[in-house]
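Following: one structure in structure tokens, then a few remarks.
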Amino acid sequence: MIPTPDLSHLTKEDLLRVYEPAEDTFLLLDALEQDADYLRERKPTICVEIGSGSGCVSAFLGRILENEPCWTDINAHALKCTEATGFRNDVIVNPVACDLVGPLQIRLQHSIDVLVFNPPYVPTEEEEVFNAQAEGTIAGAWAGGVDGMGVTNRLLSCIDTLLSDTGCFYLVVLKQNDPPGIIARMERLGLVGKVVLQRRAGRENLFILRFTRK
Numbered sequence: 006m007i008p009t010p011d012l013s014h015l016t017k018e019d020l021l022r023v024y025e026p027a028e029d030t031f032l033l034l035d036a037l038e039q040d041a042d043y044l045r046e047r048k049p050t051i052c053v054e055i056g057s058g059s060g061c062v063s064a065f066l067g068r069i070l071e072n073e074p075c076w077t078d079i080n081a082h083a084l085k086c087t088e089a090t091g092f093r094n095d096v097i098v099n100p101v102a103c104d105l106v107g108p109l110q111i112r113l114q115h116s117i118d119v120l121v122f123n124p125p126y127v128p129t130e131e132e133e134v135f136n137a138q139a140e141g142t143i144a145g146a147w148a149g150g151v152d153g154m155g156v157t158n159r160l161l162s163c164i165d166t167l168l169s170d171t172g173c174f175y176l177v178v179l180k181q182n183d184p185p186g187i188i189a190r191m192e193r194l195g196l197v198g199k200v201v202l203q204r205r206a207g208r209e210n211l212f213i214l215r216f217t218r219k
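In the working numbering, the protein residues as written are 6 to 219.
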């Protein structure tokens with residue numbers, strides 16, 4: 006069993022400014038642990054988490070693969086927290102302050118072996134999404150637009166250009182985000198999707214989707 010990263014260094018102030026690990030985070034950790042052998046067998050070299058927040062997932066992924074994941078976030082405080090979490094858990098993480106993969110997109114074309122994204126998936130007003138993303142606030146961790154897919158759709162549109170030939174992509178979604186529809190959409194882009202874990206958490210029905218090339 007791979008231990009959950011130690012987050013005891015994060016203060017109350019930190020958790021007011023970055024997304025505190027919750028059921029969606031832990032479901033994602035469970036999915037990655039369940040796939041640990043699968044991931045190691047693929048011998049990934051470039052691993053990226055988009056929206057690292059507290060750094061919990063990046064540190065966990067670093068432990069599984071024993072390499073140095075790259076992570077991005079639009080929230081400046083999240084950059085500090087993720088770096089601190091990596092240090093606390095003896096995992097080297099490489100921070101990049103940007104929206105999605107931003108300035109790295111050209112450099113990472115067809116290069117990412119493992120991509121992980123727990124997006125803002127809660128349905129909200131579009132204005133709330135725009136403001137949260139523009140300001141880099143904690144609301145950017147959950148405000149997802151009318152169907153909760155505002156930010157996710159932007160990443161899905163370029164996934165095919167980011168994944169390596171053996172790359173895999175893990176995505177957290179709600180039932181309201183239409184997981185079957187997302188899988189069908191990515192199928193048309195040449196990616197095979199499947200539900201690797203599903204769990205109900207209060208009123209939320211959470212899914213972890215995994216995509217690979219055909």
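From the three backbone atoms N, C-alpha and C, an ideal C-beta is built for every residue, glycine too.
Beta-carbon separation (whole angstroms), residue i vs residue j, contact threshold 8 Å
i, j, result
"leucine 84", "proline 108", "Between proline 108 and leucine 84 the Cβ distance is about 15 Å, and since that is not below 8 Å, they are no contact."
"methionine 191", "leucine 161", "7 Å"
"glycine 145", "asparagine 80", "6 Å"
Residues near residue i by beta carbon distance below 8 Å, same chain, minus five either side
i, result
"isoleucine 69", "Ile7, Leu37, Glu38, Ala41, Leu44, Arg45"
"serine 169", "Ile51, His115, Ser116, Ile117, Asp118"
"threonine 166", "Gln110, Gln114, His115"
"leucine 179", "Tyr126, Val127, Gly153, Glu209, Asn210, Leu211, Phe212"
"alanine 102", "Thr77, Asp78, Ile79, Ala81, Leu84"
"phenylalanine 122", "Glu54, Ile55, Gly56, Thr157, Leu160, Phe174, Tyr175, Leu176, Val177"
Endpoints, alpha helix (DSSP H) assigned at residue i
i, result
"aspartate 35", "28-39"
"glutamine 203", "Segment 196-206 is the beta strand (DSSP E) holding glutamine 203; no alpha helix (DSSP H) there."
"alanine 89", "81-93"
"proline 185", "184-192"
"lysine 17", "17-22"
"glycine 60", "Where glycine 60 is concerned, there is no enclosing alpha helix (DSSP H), given that its DSSP letter is neither H nor E."
"leucine 160", "155-161"
Beta-bridge pairing of residue i - partner residues as DSSP gives them
i, result
"phenylalanine 212", "Val178, Gln203"
"aspartate 78", "Ala102"
"valine 127", "Ala148"
"leucine 168", "Ile117"
"arginine 218", "Leu196"
"cysteine 173", "Val119, Thr217"
Beta strand (DSSP E) segment containing residue i, residue limits
i, result
"aspartate 233", "With the chain covering only 6 through 219, there is no way to say anything about residue 233."
"isoleucine 55", "52-55"
8 Å Cβ cutoff met for residue i and residue j
i, j, result
"serine 59", "leucine 15", "yes"
"proline 184", "leucine 214", "yes"
"valine 177", "aspartate 78", "no"
"valine 98", "tryptophan 76", "yes"
"valine 53", "valine 134", "no"
"glycine 56", "proline 10", "no"
"isoleucine 164", "valine 23", "no"
"glycine 155", "glutamate 140", "no"
"leucine 202", "leucine 32", "yes"
Cut-off 7 Å between Cβ atoms - residues of its own chain near residue i, not counting five sequence neighbours on either side
i, result
"valine 2", "Nothing about residue 2 can be reported from this structure: the residues present for the chain run from 6 to 219 only."
"cysteine 61", "Pro10, Leu12, Pro26, Thr30, Thr90"
"isoleucine 188", "Gly198, Leu214"
Cutoff 6 Å; reference residue i; Cβ partners in own chain excluding five residues on either side
i, result
"phenylalanine 216", "Phe174, Met191, Leu196, Gly198"
"lysine 219", "Gly195, Val197"
"phenylalanine 65", "Pro10, Leu34"
"threonine 157", "Pro124"
"histidine 138", "Before going further, note that residue 138 is glutamine rather than histidine in the sequence given. Closer than 6 Å at the Cβ level, and outside the excluded window around glutamine 138, lie Gly145."
"asparagine 182", "Tyr126, Gly153, Met154"
"aspartate 19", "Cys86"
"glycine 67", "Pro74, Val96"
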